[in-house]
């Protein structure tokens with residue numbers, strides 16, 4: 013079989029959830045079967061992973077440089093007229109829109125990271141968010157192969173938008189385990205209390221993540237030997253900073269997020285809406301038991317394990333949070349972290365995700381060729 017020519021489209025190569033998923037898909041694709049190109053529709057201003065993409069064997073990396081929207085369209089059309097691809101795979105709404113601006117026989121793929129609904133409204137505002145949701149639904153209905161990043165999201169898409177949707181759960185890199193001594197050295201380096209066990213929250217500090225709910229109920233629910241680390245930036249940061257203390261560590265945006273994950277003991281999230289967050293999976297990769305809200309993505313992960321790996325609590329319910337916090341501490345054992353790590357390695361590694369995508373590429377390409 014000749015190599016399948018795949019073009020991945022992304023708005024940029026900045027370090028973000030969708031770009032990290034894209035990197036992990038491409039990293040493990042079989043280059044004997046796939047001829048892979050990635051096109052970034054814009055120049056990454058900061059936190060770019062461009063050099064990491066360029067270091068991947070057998071990957072052609074192209075980045076558009078333009079001063080205005082007209083130039084971006086011209087460069088894109090020139091590129092697409094110069095090359096032919098069997099599959100064009102978009103990873104954001106902007107790149108999905110660009111796939112429909114050309115007359116191409118390529119199979120159009122789209123990875124859906126969030127449902128076009130409340131989360132878009134919360135991030136983009138009501139007016140802009142509503143317009144983006146309408147556009148997203150319109151394009152999803154016309155895409156050849158939609159792939160949701162979690163099975164709950166696939167079901168939501170099928171129920172509300174189109175019956176043509178598959179699912180491949182997100183995956184992240186498996187990390188080397190460290191000893192208790194190494195962990196304490198890292199905690200000291202990060203100025204964390206060696207005597208305290210830390211829960212960690214990582215994410216945008218915005219209303220849908222419920223950071224204020226988390227702080228207020230954490231203080232009520234956990235003994236003083238438990239601390240909370242909050243990493244992230246966003247519109248609610250100024251409201252949260254006054255809570256910064258030895259026990260509640262409001263640290264803002266950090267580039268060394270993984271160091272804080274490794275130094276922590278548990279993962280916590282009170283989000284009311286979420287895709288399958290990479291930070292959640294990264295917490296699993298280092299064996300952190302999880303106390304999370306009972307939104308579909310969290311329930312999907314927790315329900316898949318036969319062993320105890322964490323608990324969920326009713327969203328926005330302080331009483332249930334306090335009750336589940338007590339239950340959580342009672343159920344933690346010396347084997348829990350090992351159970352979490354084993355569960356992650358079975359279902360949520362980057363390699364597993366990439367292999368699942370590859371099976372779909374080959375299957376859909378073969379179906380089209382045989383028609």
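Numbering (my numbering), first residue to last: 13 to 383. Every residue gets a Cβ at the ideal spot worked out from N, C-alpha and C, and that includes glycine. For clarity, every value in this text was computed on a predicted model and none was experimentally measured.
Opposing strand residues paired with residue i [DSSP bridges]
i, result
"residue 339", "Looking at the DSSP assignment, residue 339 forms no beta bridge with any residue, so it has no partner."
"residue 208", "The partner list for residue 208 (beta bridge, DSSP) is empty, contrary to what the question assumes."
"residue 56", "Paired residue(s): none; residue 56 is not in a bridge."
"residue 22", "52"
"residue 8", "Absent from the structure is residue 8, since the part of the chain shown begins at 13 and ends at 383."
"residue 99", "18, 119"
"residue 71", "48"
Top-ranked residue by Cα proximity to residue i, from the options
i, options, result
"residue 119", "36, 242, 158", "158"
"residue 160", "93, 288, 310", "288"
"residue 194", "38, 308, 275", "275"
"residue 280", "213, 245, 66, 371", "213"
"residue 294", "90, 278, 101, 227", "278"
"residue 336", "210, 361, 322", "322"
"residue 291", "273, 307, 174", "273"
"residue 176", "83, 377, 146, 155", "155"
"residue 35", "17, 65, 16", "65"
"residue 102", "88, 111, 96", "111"
"residue 327", "363, 208, 219", "219"
"residue 329", "230, 100, 173", "230"
Local Cβ density within 10 Å of residue i, reported as buried at 16 or more and exposed below that
i, result
"residue 123", "buried"
"residue 98", "buried"
"residue 222", "buried"
"residue 286", "buried"
"residue 166", "buried"
"residue 243", "buried"
"residue 50", "buried"
"residue 171", "exposed"
"residue 282", "buried"
"residue 95", "exposed"
"residue 203", "exposed"
Checklist entry - Touch check for the segment 72–89 and the segment 26–46: three-plus C-beta pairs under 8 Å? => result no
Next on the checklist: Does the segment 97–114 come into contact with the segment 20–29, if we say contact requires no fewer than three beta-carbon pairs (one atom in each stretch) closer than 8 Å?
Outcome noted: yes
Next on the checklist: List, from N- to C-terminal side, the alpha helix (DSSP H) runs of 4 residues or more that fit wholly inside the segment 217–261.
Outcome noted: 223–233, 249–252
Next on the checklist: Taking contact to mean 3 or more Cβ pairs, one atom from each stretch, closer than 8 Å, check whether the segment 355–362 and the segment 127–136 are in contact.
Outcome noted: no
Item to check | Touching by the beta-carbon criterion (3+ pairs, under 8 Å), the segment 178–185 and the segment 253–268 | outcome: no
Checklist entry - How do the segment 299–310 and the segment 231–238 stand: do at least 3 beta-carbon pairs fall below 8 Å, yes or no? => result no
Next on the checklist: Quick check for students: name the residue ranges of the alpha helix (DSSP H) that lie wholly in the segment 301–327, counting only runs of 4 or more.
Outcome noted: 308–315
Checklist entry - Could you give the uninterrupted runs of the alpha helix (DSSP H) lying entirely in the segment 258–287, keeping only those of 4 residues or more? => result 269–275
Next on the checklist: Suppose only complete runs of 3+ residues qualify. What are the beta strand (DSSP E) ranges in the segment 107–176, listed by chain order?
Outcome noted: 119–124, 157–160
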